[in-house]
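In the numbering used here, the protein residues as written are 4 to 128.
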């Protein structure tokens, strides 16, 4: 343990064909270093189809989404259910003001796209 070294867990495995390196700070990738060849980055899901053979069989979310993606939505759904059930809680949930801001952002993005990427102020939509 070292102060300032968050999640510094790392694993290195060496064998007769090369080595593997994984770090908890970047859990969705691993490095494979085959002997006599360049180092290769392997990502979670990579090119394997979701639910496909081998490593793809254990991947439930699309490549590019971190493992916490599903848990984040589960937390929001749980908070919302608690708010509906009891009428309290849900402090982390977005409200009407955040919804209005989100719509304004999307409207500005669509307007910017229609104007060849021109800058659009949120206050102008």
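The beta-carbon is built from N, C-alpha and C at its ideal position, and this holds for glycine as well.
Measuring only the C-alpha atoms, how far is residue i from residue j?
i	j	result
residue 24	residue 42	10 Å
residue 116	residue 75	30 Å
residue 118	residue 86	41 Å
residue 103	residue 128	11 Å
residue 109	residue 124	12 Å
residue 81	residue 88	10 Å
residue 106	residue 7	39 Å
residue 54	residue 68	At residue 54, the pLDDT of 48 sits below 50, so the modelled position is not reliable; the number obtained from the coordinates is stated separately. Each residue's alpha carbon lies about 15 Å from the other.
residue 12	residue 34	15 Å
residue 14	residue 71	21 Å
residue 113	residue 126	14 Å
So, for residue i: in the same chain, excluding its five sequence neighbours on each side, which residues have a beta-carbon less than 7 Å away from its beta-carbon?
i	result
residue 83	93 and 96
residue 121	115
residue 16	22 and 23
Counting only the same chain and skipping the five closest in sequence on each side, list residues whose C-beta sits under 6 Å from that of residue i.
i	result
residue 10	27 and 28
Only counting the same chain, and skipping five residues up and downstream in sequence, which positions put a Cβ closer than 8 Å to that of residue i?
i	result
residue 79	95 and 96
Exercise. Looking at C-beta atoms only, is the number of pairs between the segment 33-40 and the segment 5-22 that lie closer than 8 Å three or more?
Worked result: yes
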